[in-house]
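Colleague: Would you mind keeping the following structure in view while I ask a few things?
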Amino acid sequence: MLKLIGNRLLQMLLIMAVVSLVIFAIFDSDKFKKQIAVAELGGFAVSALSDQDYEAWLDRKGLNVPFYDRYLKWVGGVVTGDFGRSFEKAEPVSRLLGERLINTGVLAFWVFALMVPISLTLGIVAGMREGALQDRAVSFVAVLTTSLPEIATAIVLTVIFALGLQWVPANSAMVNGWDWRQLALPVLTLVLYDCGYVTRMTRASMAEVMTSQYIRTAVLKGLPHRRVILRHALRNALIAPFTIIALQLNWILSGVVVVEVFFQYAGFGKLLLDAALFGDVYVIQAATLVAVFVAVVSQIISDVGYTFLNPRIRFS
Amino acid sequence: MIPRKPRDSDHPKVHEAFRLMKSGRMDRREFIRVAALLGTSATAAYALAGLPEPAFAAGNMPFPADDPKAKAGGILKIAMEVQKMEDPATYSWVPMSNQTRHTLEYLVMTGPDNVTRPMLAESWTAAEDLKTWTFNLCKGVMWHNGEEFTADHVKWNVERWLDPKTASSNVGLSVFSAMVDVTDEKDAKGKPIKRMSKGAIEVVDKHTIRFHLNKPVLSAPEDCYNYPTAIAHPSFKPPLSDNIIGTGPFELAMLKVGDRCILKRVAKTKDGKDFNYWGGKVYLDEIHYYNFETSNQLPAFASGDVDGVYQFSVEQLDLAKSLPGAIHIARTAQTIACRMQVDQKPFTDKRVRQAVLKSVDNEAVKKLVYPEGGDVGEDHHVAPVHPDFASLPPIKRDVAAAKQLLKEAGYENGIELTIDVGNTDGTEQQTACEAMRDQMKEAGITLKINILPSAKFWEIWDKTLFGCTAWTHRPLGTMAMSLAYRTGVPWNESHYANPEFDKALDAAEATLEVNERKPKLMKAAKILQDDAVMIMPYFRPIYTIVGKSVQGYDGHPTQYHQFNKVWKA
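As you go down the protein sequences, you meet chains A and B in turn.
Residues 1 to 316 (the working numbering) make up the first sequence, in order.
Residues 1 to 569 (the working numbering) make up the second sequence, in order.
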């Protein structure tokens, strides 16, 4: 097990090194340097700059040094926790990243806190009796919420709960300080979208388990239905959803751009989008490293959890 | 006592302008603008013109008079894009200058009436040849670190703007471009390097500074309110947001780019003294800017998160009307230029360009995009809001003529064109191009619209063959024409080069009297229109809204914020 974790972490470092090198190489081009100049100085000003003025600007921004020098300096900084300075936001990337990760962490916590119990319960209820009314009803709702894009769900929820009933605010910019009510709509949007997916997975897993030989034996032995479900079916039925849920961690980190942008929520996804549009290379680098880290760690959690849920699985 | 004629000490051109006004050859608003630029106080200029001074300026101050009903205190919250504050001399967006405007101030201030009034400079005088300008600075102005503001500080700023290493766009302004000379030095591509002329700045005494120009410039004070000309303390080192020392009534308490910018009143200087603001009473305790993209600013106002917005789009006008608040619609010279590069095929053939123009009905496009406010364009860059504007004979859509021109140019089966659109000022640009596309179709022109992210568009705005570029407001028609269409100037995106046009523009720029200038400028405009360089379908209005509790707010055509006398009921 430890060897597995060690291997995965080594792989992660390798991926990080390759990805960061590639991103640095891409953003070292004249085109991207110009993009940063345009974003910072404006298109009119850049076109009026003489070559000398432009070179002076590159010098001031530290963009006029060879690629490998900049990369090695950046790697040295990362080792000591310094991820560089954001061109767009003009502050240390580590601080910026920390704040945004906390915001997305809060969002993720509430999404998981609601989504996991709801989707597991619904999935199990639906999978217990395949084809029954409860299965059809749950499956219909699950397919509906999953098939609606997040942006559509966000608009519908905003129209009903913010503009219509006026129960919650329409945006989550937290202008007047932290307000839990502003978290309601982004959390609900993500829960609805993700719930359907995890419910479907749980339902499929549960339905499969319910048709297996040992469940049939348990039923034929006359065990109470409740005991068959809780003692025999549930543990095996949770293996597949567990993997799916662990992988949602990665999705919620970088896959919620639409929701964060729609509700103006200052999270990690919005930061990544802003950085990509600006060409803010140090922010993109740091965000990518975090995304790789979370992807690998969620994979490790998934693998390790697997072995606990299913002792037959062994990693060599 | 109300003055009946200019004082003997006023600039000779003020006397000349006064005579022109009296003889009916210069309108009164233009006289006020010219007189104020040449050092006559705004109050005296308004009195000479026989007009009451507007509410947004009192006496020789750039700010409105104090409202006896005004209440001190409160926080004004505005939705705007919150940008970084790196170096005021290289600012390129108005929002970042708005974040700075209440902390770093300007030598002068141009109001919504286009009149330039004293700010850190209490008065100014110009030599008769308009080549020497003397600015008398206010005494007793205090920096936030307790130092007194002096002429040396202004000199330090101007020298910095003119240093090529600063890369400030200020060097392109008329007054500062007249303070640099071409040197023998060459850059990497062999282009000559410009440096500040010897003796261009003279510090006469502690509170007097003189600019010696190498050519006459009328707009010297006006140029000193361009947004990158904010006066910084000589201790300044970028980024500004790390240690901002200004003369304004507010200081930066917090800046989170893309999130919020909090400004708080200065109570004590950095060395512990009481801070005395030179500009009189200021009512607000704090100004907060919260980051919202343009499309989200009005919803933020509607939800009560903010007291006002930087701007909202025309599509949101109906929503704005349904909200409790005061809508301000500013008439401006902001526009889009759907310009063709005249030295690139197929636009080298004037008949193709003329066909493009003839296939479009500007009035219909304007009505579709801006049903309220705004002005119809005439395919040149002088706007009805400019004092030197005069209408040319109306241009009419003529599909048959467009088809004939295309046929003569060898495109009898029609032509396919692509226009790059960046929607840099909102999706109205795309809407306008879509309307043009539908109109052009009838003439056999298939227009493809290539939508680019705004950042991407700004990379190619002056390189694309056919592009839709947003141009901001300029107070004079001559300024707009000179910046964009004079042969070889940096922002000549259409690559237009016509000595006849340049000559006509030179003649207009050298004419003080506006009624005399109008026909000269419109001659240049007609040349440009006949050469069919661009479709300029409209001049857009700027929409803003503030809540009913916000008092003393007035919209500015350049969207500059100055909240010294704004208060909350």
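Each residue gets a CB set at the ideal place from its N, CA and C atoms; glycine is no exception.
All figures in this text were calculated on a predicted structure; none of them were measured in a lab.
1. For Glu-372 (chain B), count the other beta carbons within 10 Å of its own beta carbon; 16 or more makes it buried, fewer makes it exposed. Which is it?
2. Give the secondary structure of Gly-146 (chain B) by DSSP, where H, G and I count as helix, E and B as strand, and everything else as coil.
3. Using a Cβ-Cβ distance cut-off of 8 Å, determine whether Trp-161 (chain B) contacts chain A.
4. Please report the straight-line C-alpha distance between Arg-195 (chain B) and Leu-49 (chain A), rounded to a whole angstrom.
5. For the beta strand (DSSP E) that Thr-125 (chain B) lies in, which residues bound it at each end?
6. Consider the C-beta atom of Val-182 (chain B) and the heavy atoms of the ligand ZN; say whether any pair is separated by less than 7 Å.
7. Excluding the 5 residues preceding and the 5 following Ile-545 (chain B) in the sequence, name in chain order all residues of the same chain whose CB lies nearer than 8 Å to its CB.
8. When the distance is taken between beta carbons, is Val-352 (chain B) closer than 8 Å to Ile-415 (chain B)?
9. Measuring only between beta-carbons, confirm whether Asn-171 (chain A) sits less than 8 Å from chain B.
10. Who pairs with Pro-118 (chain B) in a beta bridge, going by DSSP?
11. Give a yes or no on whether the C-beta atoms belonging to Tyr-538 (chain B) and Gly-374 (chain B) are separated by under 8 Å.
12. Listed in chain order, which residues of the segment 271–300 of chain A have Cβ atoms closer than 9 Å to some Cβ of chain B?
13. Would you kindly check if the distance between the Cβ of Asp-531 (chain B) and the Cβ of Lys-637 (chain B) is under 8 Å?
14. Which class does Tyr-538 (chain B) belong to by DSSP, given the choice of helix, strand or coil?
15. Using a cut-off of 9 Å between C-beta atoms, extract the partners of Ala-455 (chain B) located in chain A.
16. What residues of chain D sit near Glu-86 (chain B), judged by a beta carbon separation below 8 Å?
17. Per DSSP, which one or two residues make a beta bridge with Arg-210 (chain B)?
18. Restricting to Cα atoms, I'd like to know which of B:Met-26, B:Ala-121 and B:Ala-232 is closest to Tyr-91 (chain B).
19. Cβ of Asp-271 (chain B) within 8 Å of Cβ of Gly-140 (chain B)?
20. For Asp-82 (chain A), go through chain B and note every residue whose CB falls closer than 9 Å to its CB, in chain order.
21. For Arg-33 (chain B), which residues of its own chain have a beta-carbon under 6 Å away from its beta-carbon, when the five flanking residues on both sides are left out?
22. Please list the terminal residues of the continuous beta strand (DSSP E) segment that includes Met-196 (chain B).
23. Is DSSP giving Leu-2 (chain A) helix, strand or coil here?
24. Taking Cβ-Cβ distances shorter than 7 Å, what residues in chain A pair up with Lys-165 (chain B)?
25. Quick one: what does DSSP say Met-128 (chain A) is sitting in, helix, strand or coil?
26. Kindly provide the ranges of any alpha helix (DSSP H) runs that are 4 or more residues long and lie completely inside the segment 23–75 of chain A, ordered along the chain.
27. Can you give me the Cβ contacts of Asp-506 (chain B) inside the same chain, cut-off strictly under 7 Å, excluding the 5 residues immediately before and after it?
28. What is the C-beta distance between Glu-516 (chain B) and Arg-25 (chain B), in whole angstroms, given that I count them as a contact (C-beta under 8 Å)?
29. Mind pulling the chain B residues with CB within less than 7 Å of Asp-53 (chain A)?
30. Considering Cα atoms alone, identify which of B:Arg-540, B:Lys-165, B:Lys-565 and B:Gly-50 is closest to Ala-383 (chain B).
31. Mind listing which residues of the segment 66–95 of chain B have their C-beta closer than 8 Å to chain A's C-betas, in chain order?
32. Near Gly-305 (chain A), which residues of its chain fall below 8 Å by C-beta distance, leaving aside the five closest residues on each side in sequence?
33. Quick one: what does DSSP say Ala-330 (chain B) is sitting in, helix, strand or coil?
34. Out of B:Glu-428, B:Thr-40 and B:Arg-260, state which residue places its alpha-carbon closest to the alpha-carbon of Val-82 (chain B).
35. Quick one, which of B:Thr-100, B:Leu-392, B:Leu-405 and B:Asn-291 has its alpha-carbon nearest Ile-576 (chain B)'s?
36. With a threshold of 8 Å between beta-carbons, can Asn-64 (chain A) be considered close to chain B, or not?
Modeller: Short version:
1. So Glu-372 (chain B) ends up on the exposed side.
2. coil
3. Output row for Trp-161 (chain B): interface = no.
4. 14 Å
5. Per DSSP, Thr-125 (chain B) belongs to the beta strand (DSSP E) from 121–126.
6. Among the components modelled here there is no ligand, and therefore nothing to report on the ligand ZN.
7. Leu-298, Phe-301, Gly-308, Val-309, Phe-312, Ala-320, Leu-323, Gly-325, Ala-326, Ile-327 and His-328
8. yes
9. yes
10. B:Val-108
11. yes
12. Leu-271, Asp-274, Leu-277, Phe-278 and Gly-279
13. Within the shown structure, residues of chain B are numbered from 1 to 569, placing residue 637 (chain B) beyond reach of any answer.
14. strand
15. Gln-35, Val-38, Ala-39, Gly-43, Leu-277, Phe-278 and Gly-279
16. No chain D is part of this structure, whose protein chains are labelled A and B.
17. Residue pairing from DSSP places Arg-210 (chain B) in a beta bridge opposite B:Thr-134 and B:Glu-202.
18. B:Ala-232
19. no
20. Neighbours of Asp-82 (chain A) on chain B: none; closest Cβ ~17 Å, over 9 Å.
21. Asn-114 and Val-115
22. 192–196
23. Of the three classes helix, strand and coil, the one that applies to Leu-2 (chain A) here is helix, per DSSP.
24. Ala-56
25. helix
26. 30–41, 43–48 and 51–61
27. none
28. 7 Å
29. Listed along chain B, the residues sitting closer than 7 Å to Asp-53 (chain A) by beta-carbon distance are Pro-164 and Ala-167.
30. B:Arg-540
31. Answer in chain order: Lys-77, Lys-84, Met-85, Glu-86, Thr-90, Ser-92 and Trp-93.
32. Phe-242, Thr-243 and Ala-246
33. strand
34. B:Arg-260
35. Because residue 576 (chain B) is not part of the residues shown, which for chain B are 1 to 569, the question remains open.
36. Among the residues facing chain B, Asn-64 (chain A) is not included, as its CB has no counterpart in that chain under 8 Å away.
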